[in-house]
Amino acid sequence: MNVYLLSPELSLATLAMLLVLLDLVIKNKSWLPVLALVGLLAPIGFTISLLGRNETGFAGMLMVDDFSVYFKFLFLGMAALVILAASDYVSRFPRAQGEFYALILMATLGMMLLVSTLELISIFVALEMATVPL
47 MNVYLLSPEL
57 SLATLAMLLV
67 LLDLVIKNKS
77 WLPVLALVGL
87 LAPIGFTISL
97 LGRNETGFAG
107 MLMVDDFSVY
117 FKFLFLGMAA
127 LVILAASDYV
137 SRFPRAQGEF
147 YALILMATLG
157 MMLLVSTLEL
167 ISIFVALEMA
177 TVPL
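Each residue of the sequence shown is one higher than the one before, starting from 47 at the first, in this note's numbering.
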């Protein structure tokens, strides 16, 4: 199985779902941006483990090479900067904080898939994932 090639994306999707679930449970919403930033360390760690690989997976639909790993780092860094920059603004809206951070992470997930896909239908699905939350 080539599931390890999707490990950064899977950990990012798990983080987004965790943020939505924690938004429902916890009362103090000030921990959500901190959790989102700390949670981004897992996809970054998995992306580091993919450095130097040149592999295809899922019957040639996914490619992991230095180009895709570079852009995955770039997208994860931009997501961290957006979370940092928007945390003060989002704190004004206590009901929608978890969803806001989850949408940022899901858009990042779509962009990370976009740079790794090789087939047109996968590119279309990844593009939809990247643009629908925005």
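No residue lacks a Cβ here, since even glycine has one placed at the ideal position from N, Cα and C.
Small disclaimer: the values here were computed from a predicted structure and weren't measured.
Separation of residue j from residue i, as counted between CA atoms
| i | j | result |
| --- | --- | --- |
| Leu149 | Asp111 | 26 angstroms |
| Arg138 | Glu101 | 45 angstroms |
| Phe104 | Pro89 | 20 angstroms |
| Gln143 | Leu120 | 24 angstroms |
| Ser133 | Pro79 | 6 angstroms |
| Ala176 | Glu145 | 15 angstroms |
| Tyr116 | Met63 | 25 angstroms |
| Thr154 | Leu122 | 7 angstroms |
| Thr93 | Met109 | 13 angstroms |
| Ile129 | Gly106 | 33 angstroms |
| Ser114 | Leu70 | 34 angstroms |
| Lys81 | Ala126 | A small correction: the amino acid at residue 81 is Leu; Lys does not occupy that position in the sequence shown. So the two alpha carbons sit approximately 11 angstroms from each other. |
| Asn48 | Leu56 | 12 angstroms |
| Ile168 | Gly91 | The sequence shown places Ser at residue 168, not Ile. Those two C-alpha atoms are separated by around 25 angstroms. |
| Ile72 | Met124 | 27 angstroms |
Local Cβ density within 10 Å of residue i, reported as buried at 16 or more and exposed below that
| i | result |
| --- | --- |
| Val84 | exposed |
| Ser76 | exposed |
| Met19 | The structure shown does not extend to residue 19, since the chain is modelled only from 47 to 180, so the question has no answer here. |
| Gly98 | exposed |
C-beta atoms of residue i and residue j nearer than 8 angstroms
| i | j | result |
| --- | --- | --- |
| Leu160 | Leu173 | yes |
| Met158 | Leu51 | no |
| Lys118 | Pro179 | no |
Unbroken alpha helix (DSSP H) run spanning residue i, endpoints
| i | result |
| --- | --- |
| Glu165 | Element bounds for Glu165: n/a, residue is neither H nor E. |
| Gly103 | Run containing Gly103: none in the alpha helix (DSSP H); it sits in the beta strand (DSSP E), 101-103. |
| Ile90 | 87-95 |
Host beta strand (DSSP E) of residue i (start-end)
| i | result |
| --- | --- |
| Val110 | 108-110 |
Inter-residue CB distance, residue i and residue j (contact presumed, cutoff 8 angstroms)
| i | j | result |
| --- | --- | --- |
| Leu65 | Tyr147 | 5 angstroms |
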